[in-house]
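**Student:** I'd like to ask some things about the structure below.
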Amino acid sequence: RMGKKKLIAETGAGQHGVATATIAARFGMECKVFMGKEDVERQAPNVLRMKLLGAEVVPVTSGTATLKDAMNEALRYWVGESDDTFYVIGTVSGPHPYPMMVRNFQRVIGDEARKQIVACAGRMPDLLVACVGGGSNAMGLFYPFLDDPCAMLGIEAAGDGLDTPRHAASISGGSPGSLHGAMTYLLQSDEGQIHEAWSISAGLDYPGVGPEHALLHDLGRVRYAGVTDAEAVEAFQLLCKYEGIIPALESSHALAGAIREAARRPKDDVILVCLSGRGDKDLDHVVRYLKLET
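Residue numbers for the sequence shown follow my numbering, so the first one is 5 and each next one is one higher.
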């Protein structure tokens, strides 16, 4: 009805790229997915899935060759091809109305979690925890609970540590600025030049955060904290060992944050953690990080 024949998307971890490629295949539309060259190499299984679904994966080599640059190229392409192309943005960032649209679509996470946690625990959670890069899964979880007396914790990627330049914690270690059409918190110099973000997780190494997360931080409604690469990998291993679930490295950040918080809280507190993705895509990366033999 909109006259669009092509879909484009940007992706870091590849999950959103796979979702966009899937819907394009379902409706017989062309699909082009922009992905930083570094992330193409880190997330090979999802790249293969996108290609098998018929999508063209465009490796982006400019800048840091990661998520920010993939979004730059997607926006640039869309400006020139908007007559017949729809941009399916992958996070709660970018120009209005994208942050609002993505939040409203992603709230299915929180709507379903709300019903399920009451059925499982018999009451509302004391704490919600989700990882935050751009912040779509976290916003999807948090939004339906905003009017409830639940504490909320967004976990950013602290990389090698917030006291180093190698992290992706825009709220914990950034300052206000504008990027990709949104006013938010960014990793930037005093002159407004964007710094390189770093995380072991391809989906979290974005030097900004969705503007609604910035608002929730400023209002004090949601608390934001960092988890390092080492802490995330440790949580990854713990969930594999004790539950038989392989979490995405993005989700492992949230899990590490929840483990840390649980140690500070009463034992009968109900903590709800968003496992935003599966970790098959990250196995090779974790093996290399841990220097395990295969």
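Cβ coordinates follow ideal geometry from the N, Cα and C atoms, glycine included. Please read these numbers as outputs of a predicted model, since none were measured by experiment.
Give me the Cα-Cα distance between Val64 and Ala260, rounded to the nearest whole angstrom.
**Tutor:** Distance from the CA of Val64 to the CA of Ala260, rounded to the nearest whole angstrom, comes to 31 Å.
**Student:** Going by C-alpha distance, which of Met39, Met54, Phe38 and Met6 is nearest Thr26?
**Tutor:** Met54
**Student:** Would you identify the three-state DSSP class for Phe38, choosing helix, strand or coil?
**Tutor:** strand
**Student:** Which term fits Tyr189, buried or exposed, when burial requires 16 or more other beta carbons within 10 angstroms of its beta carbon?
**Tutor:** Looking at its Cβ environment, which holds 16 or more other Cβ atoms inside 10 Å, Tyr189 is buried.
**Student:** So Ile249 is in the beta strand (DSSP E); what residue range does that whole segment cover?
**Tutor:** It is not in any beta strand (DSSP E) - Ile249 carries neither H nor E in the DSSP assignment.
**Student:** DSSP state of Ala48, grouped into three classes?
**Tutor:** Ala48 falls in the helix class under three-state DSSP.
**Student:** Locate the alpha helix (DSSP H) running through Cys135, then write down its first and last residues.
**Tutor:** Annotation for Cys135: no alpha helix (DSSP H) segment contains it, though the beta strand (DSSP E) segment containing it runs Leu131 to Cys135.
**Student:** Tell me the DSSP bridge mates of Val61?
**Tutor:** According to DSSP, which records beta bridges pairwise, Val61 is partnered with Val37.
**Student:** Along the alpha helix (DSSP H) that carries Ser140, what are the first and last residues, could you check?
**Tutor:** Counting along the chain, the alpha helix (DSSP H) containing Ser140 begins and ends at Ser140 to Phe146.
**Student:** Can the beta-carbon of Cys135 be found closer than 7 Å to that of Glu45?
**Tutor:** no
**Student:** Determine which residues share a DSSP beta bridge with Arg282 and list them.
**Tutor:** Its beta-bridge partners are Pro251.
**Student:** Enumerate, from N- to C-terminal direction, the unbroken alpha helix (DSSP H) stretches of 4 or more residues contained entirely within the segment 53–114.
**Tutor:** Complete alpha helix (DSSP H) runs here, min 4: 71–85 and 102–110.
**Student:** Tell me whether Pro211 sits in a helix, a strand or coil according to DSSP, three-state version.
**Tutor:** coil
**Student:** Which residue from Ser203, Ala78, His289 and Ala59 puts its Cα closest to that of Ser66?
**Tutor:** Ala78
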